[in-house]
Amino acid sequence: MSETARITIAKPPSEVWALVGEFGGLDEWMAGVEACTVEGDVRTVHTMGMVITERLVGRDEAARAITYSIVGEGAPVSAHEATISVLDAPEGSEVTWEVAVEPAEAEGMFRDIYQGALGALKDHLEA
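Sequential numbering of the sequence shown, starting at 1168, is according to the numbering used here.
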């Protein structure tokens, strides 16, 4: 199973993807992220007193989608994979953030976190 957060942003998909598709750019728009660094296909995110290590699983320019997973001990999950996609929408762009985690009970928590992050992305881009 998985959960999906989604939001519509009044900007063209190319503009939204330019920000979302940057694997090391979370600290530019995601609230609570103090720092984000990338080395190879691994990014380290400093957020809410935690240090979370994430690995880039795939990035598809044509589909405007980026998939990553949490690795290591930084988050309270045993498995995690998430995909952020930027889709065409009549009002501009629809951004989805789909997540599957173990334990499955944590999916709702991640969806809520990602929904808040998408709100921050919208605020950042539409400001």
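By construction, the Cβ of each residue, glycine as well, lies at the ideal position given by its N, Cα and C atoms.
The Cβ-Cβ distance between Trp1196 and Ala1287 falls below 8 Å.
Each of Val1209, Pro1243, Arg1226, Thr1234 was checked against the Cα of Met1217, and the nearest Cα belongs to Pro1243. Membership of Met1276 in the alpha helix (DSSP H) is indicated by the continuous run 1274 to 1293. Setting aside the 5 residues that flank it on each side, Thr1214 is surrounded in the same chain by Gly1199, Val1200, each with a C-beta closer than 6 Å to its C-beta; the list follows chain order. Look at Ser1181 here: in three-state DSSP terms it is helix. The alpha carbon of Glu1258 has as its nearest neighbour, out of Glu1170, Lys1289, Val1209, the alpha carbon of Lys1289. Short of 7 Å from the beta carbon of Tyr1281, and not among the five residues preceding or following it, lie these beta carbons of its own chain, in chain order: Ala1172, Trp1264, Val1266.
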